[in-house]
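One structure below.
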Amino acid sequence: MDTTVTYTIRQISGEETYPVRHPVLRTGLPLSSCRFDNDDAFTTFHIGLYAGGKLAGVVTILENNHAFFEEGHQFQLRGMAVLEEFQKKGLGQVLVREAEKEVENRGGGFIWMNARKVAVKFYEKLGYCVAGDEFIIETAGPHYVMWRQWK
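Below you can see the structure in the form of structure tokens.
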């Protein structure tokens, strides 16, 4: 069976992420819960991955420093989601690497995130490290802060 997926990548608006954010990250919550703080900030960008002409995955990156880290120019990865029918095909890795390229284009080299516990191994395979203890986000369950620096 061929699992190769042909895809295209482009920057999209925050609102365009909702058709993926909602079923993957906000199931059972109102569509309005898909809007994140700073989605419309000038320094925030959203990447959409299209497979077969359909938006299959999204990720958001914003300039945002976490007090846990000393690096002065930090970017936060948020809202990373791939529709279930497109999962386990390497598209999540593509999205993260595209986000890293764009961070580097903007003069950065440090990304942190609040990663769902179920996604920790995925991010570790991409070179991200856990920082600190597990914590709970009320609407999303157990999380860990994770980070990666390459510059």
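Each residue of the sequence shown is one higher than the last, beginning at 0 in numbering that gives the first Met the number 0. The C-beta atom is built at its ideal place from N, Cα and C for all residues, glycine as well.
The alpha-carbon of Lys116 is positioned some 31 angstroms away from that of Gly52.
Runs of the beta strand (DSSP E) lying entirely within the segment 30-106, each at least 3 residues long, are 44-50, 53-62 and 74-81 in chain order.
Per DSSP, the continuous beta strand (DSSP E) segment holding Tyr6 begins and ends at Tyr6 to Ile11. In this model, Ala80 and Asp36 are separated by some 17 angstroms (Cα to Cα). CA-to-CA, the gap between Ala114 and Gly106 works out to about 23 angstroms.
In this structure, Leu76 places its C-beta atom within 7 angstroms of the C-beta atom of Ile110. Nearest neighbour of Ala139 by Cα position, chosen from Val93, Ala118 and Ile60, turns out to be Ala118. Within its own chain, the residues whose Cβ lies closer than 8 angstroms to the Cβ of Tyr49, once the five positions on either side in sequence are excluded, are Tyr6, Thr7, Ile8, Arg9 and Ala55, listed in chain order.
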